[in-house]
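Take a look at the structure set out below.
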Amino acid sequence: MALNTTLTGINAAQSDLNVISNNLANANTTGFKGSRAEFADVFAVTGDNINATAVGSGTRMTDVAQQFQQGDIENTTNSLDFAISGNGFFTVNTGDGLAYTRAGNFHKDSSGNVLTQEGYNLQVYPPNATGGFDTSTLKNLNLTTAQSSASATSKAAISANLPSSATLPTGTPFSTSDSTSYNNTTTFNIYDSQGGSHAATVYYVKTGTNTWDAHMFMDGQDAGTQPMTFDSTGKLTTPANGALAFNPVDFGNGSNPVTMTLDMSNTTQFGTDFSAGSVDKDGNEAGTLSSIDVDSKGVVTAYYSNNQTAQLGQVAMANFANLQGLRQVGNTTWLASGDSGTAVMGSSGTGQFGTVQSGALESSSTADTTSQLVDMIKAQRNYQANAQALTVDNTLASTLFNAISR
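So the sequence shown is numbered by the working numbering: it starts at 3 and just counts up by one.
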């Protein structure tokens with residue numbers, strides 16, 4: 003009897019050491035959650051005959067309970083490192099269904115898909131047409147590896163001052179090669195539909211009191227001439243809406259012709275010197291992906307080399323009614339089970355969900371090994387005590403056998 007009871011104590015201490023060893027082995031595993039061995043006593047009862055002097059039959063391990071306390075958040079320099087501060091899990095697609103993880107050390111494959119270290123696709127809510135996100139569906143997060151699309155310039159707003167004291171040009175007729183045939187210029191870059199860069203120049207020619215002509219040239223090609231009239235206070239009155247529409251120009255490189263409209267409503271005619279002011283235009287060249295970022299709402303934004311941005315999705319998060327009911331499948335990944343309940347889906351910083359940040363990782367919850375080492379000493383002590391009880395029981399049995407043999 004005592005031998006069997008002591009053996010259960012040794013086995014229990016060994017199981018405890020196994021759990022602690024696994025915790026210590028994963029002290030550097032990103033997003034790892036430690037476990038705790040839980041035990042119950044064994045008491046053999048025969049029928050309804052409960053004896054007040056009956057002795058228990060030892061112990062048994064009833065559960066390896068997962069501990070989901072928050073690990074430390076450590077900053078990194080990798081924008082594809084994500085960390086959750088608070089409750090929730092990242093949702094990933096394994097190819098056979100959805101799984102859940104706290105390990106945010108993602109990477110990108112050759113197709114631009116964002117994957118876990120095991121090759122599972124990170125799930126996000128896709129953008130919708132209204133500027134929000136469709137939380138009714140999930141898709142793989144993909145970082146477009148192709149260039150950001152080019153966009154042709156079609157509008158530019160010029161804020162300049164044309165000097166009211168300017169005299170009529172002496173050179174006639176107007177010519178871009180004759181600086182005496184115009185008063186001032188504003189030059190800026192524009193883009194065609196393929197993202198090619200071209201020089202656009204507006205030549206200002208004073209034609210009379212408070213009247214000017216604006217000549218537009220793009221890469222040396224004439225896009226037409228538009229008149230401007232100012233009132234006695236220096237405010238532009240013609241055209242009434244301040245918009246100068248010019249003719250399309252074909253650059254002959256296979257791109258679409260560029261048709262420009264200039265918004266001159268902020269251009270003035272004061273007695274001060276000419277001021278080119280500022281030019282605010284649309285259009286952009288093609289760009290390559292520079293970096294990504296995740297804001298406090300879990301929105302993944304891509305930044306491109308052409309200063310354009312694009313929202314790629316919102317990180318899909320999951321939580322469960324009973325975390326300890328989740329089924330471990332290795333690689334710091336869990337599956338939902340009947341004990342855990344169905345996944346409750348949501349987004350960062352809302353309801354029961356924590357916040358997601360990029361450039362950071364959650365360390366293992368057993369990274370602080372002090373408590374694990376203390377537990378290991380206790381397990382070792384229990385093992386030694388049960389082994390000592392086994393030795394004593396064996397000695398008593400040997401003494402009894404020796405007495406009988408005499």
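Each residue gets a CB set at the ideal place from its N, CA and C atoms; glycine is no exception.
For the pair the segment 384 to 401 and the segment 347 to 355, tell me if three or more CB-CB distances fall below 8 Å.
no
Length of the line joining the Cα atoms of L170 and T231:
Taking the first residue of the sequence shown as position 1, residue 170 is located at position 168. Taking the first residue of the sequence shown as position 1, residue 231 is located at position 229. Near 15 Å, if we compare the C-alpha coordinates of T231 and L170.
Roughly how many whole angstroms lie between the Cα atoms of S367 and S151?
Reading the sequence shown from its first residue, position 365 is the one you call residue 367. Reading the sequence shown from its first residue, position 149 is the one you call residue 151. Looking at the two C-alpha atoms, the distance is approximately 44 Å.
Just curious, the alpha helix (DSSP H) that T7 is in, first and last residue?
Translated into positions along the sequence shown, residue 7 becomes position 5. From DSSP, the alpha helix (DSSP H) with T7 extends over 4 to 27.
When N77, V358, A42 are compared against D65, the one with the closest alpha-carbon
Within the sequence shown, the letter at position 63 stands for residue 65. It is A42.
Does the beta-carbon distance from M347 to A320 come in below 8 Å?
In the sequence shown, the residue the question calls residue 347 occupies position 345. In the sequence shown, the residue the question calls residue 320 occupies position 318. In this structure, A320 lies closer than 8 Å to M347 by Cβ.
I want to know whether the segment 133 to 143 touches the segment 248 to 258 - three or more CB-CB distances under 8 Å.
no
Closer than 6 Å by C-beta to P128: which residues in its own chain qualify, once you throw out the five before and the five after it? Chain order, please.
Start at 1 with the first residue of the sequence shown, and residue 128 comes out as number 126. Answer for P128: D136, K141, G315, listed in chain order.
For F108 versus F84, is the C-beta distance shorter than 8 Å?
The count along the sequence shown starts at 1 and reaches residue 108 at position 106. The count along the sequence shown starts at 1 and reaches residue 84 at position 82. Yes; because the gap between Cβ atoms is below 8 Å, this pair is in contact.
Go ahead and pull the three-state DSSP assignment for V331.
Working through the sequence shown from its first residue, we reach residue 331 at position 329. Correct three-state label for V331: coil.
Would you call E76 buried or exposed, if buried means 16 or more other Cβ atoms sit within 10 Å of its Cβ?
Walking along the sequence shown from the start, residue 76 turns up at place 74. With fewer than 16 Cβ atoms within 10 Å of its Cβ, E76 is classed as exposed.
Would you kindly work out how many angstroms separate the C-alpha atoms of D233 and D180, rounded to a whole number?
If you number the sequence shown from 1, residue 233 lands on position 231. If you number the sequence shown from 1, residue 180 lands on position 178. Looking at the two C-alpha atoms, the distance is approximately 29 Å.
Relative to the C-alpha of V57, which residue among N243, T103, T7, S277 is closest?
Mapped onto the sequence shown, residue 57 falls at position 55. Considering only alpha carbons, the answer is T7.
Would you kindly work out how many angstroms separate the C-alpha atoms of Q119 and T132, rounded to a whole number?
The residue you call residue 119 lines up with position 117 of the sequence shown. The residue you call residue 132 lines up with position 130 of the sequence shown. Taking the straight line from one Cα to the other gives about 34 Å.
Can you give me the C-alpha to C-alpha distance between E40 and L337, rounded to a whole angstrom?
On the sequence shown, residue 40 is found 38 positions in, with the first residue counted as 1. On the sequence shown, residue 337 is found 335 positions in, with the first residue counted as 1. Approximately 22 Å, taken between the alpha carbons.
For T274: DSSP bridge partner residues:
Against the sequence shown, residue 274 aligns to sequence position 272. T274 pairs with nothing; no bridge assigned.
Note down, one range per segment and in chain order, each beta strand (DSSP E) of at least 3 residues found wholly within the segment 133 to 198.
157 to 163, 186 to 193
Return the chain-ordered list of same chain residues with a C-beta closer than 6 Å to the C-beta of Q228, the five sequence neighbours on each side being excluded.
The residue given as residue 228 occupies position 226 in the sequence shown. Result list for Q228: A216, L246, in chain order.
Helix or strand or just coil, what does DSSP make of K380?
In the sequence shown, counting from the first residue as 1, residue 380 sits at position 378. Here K380 sits in helix by DSSP.
DSSP three-state label for A391, please.
Taking the sequence shown and counting its residues from 1, one reaches residue 391 at position 389. A391 falls in the helix class under three-state DSSP.
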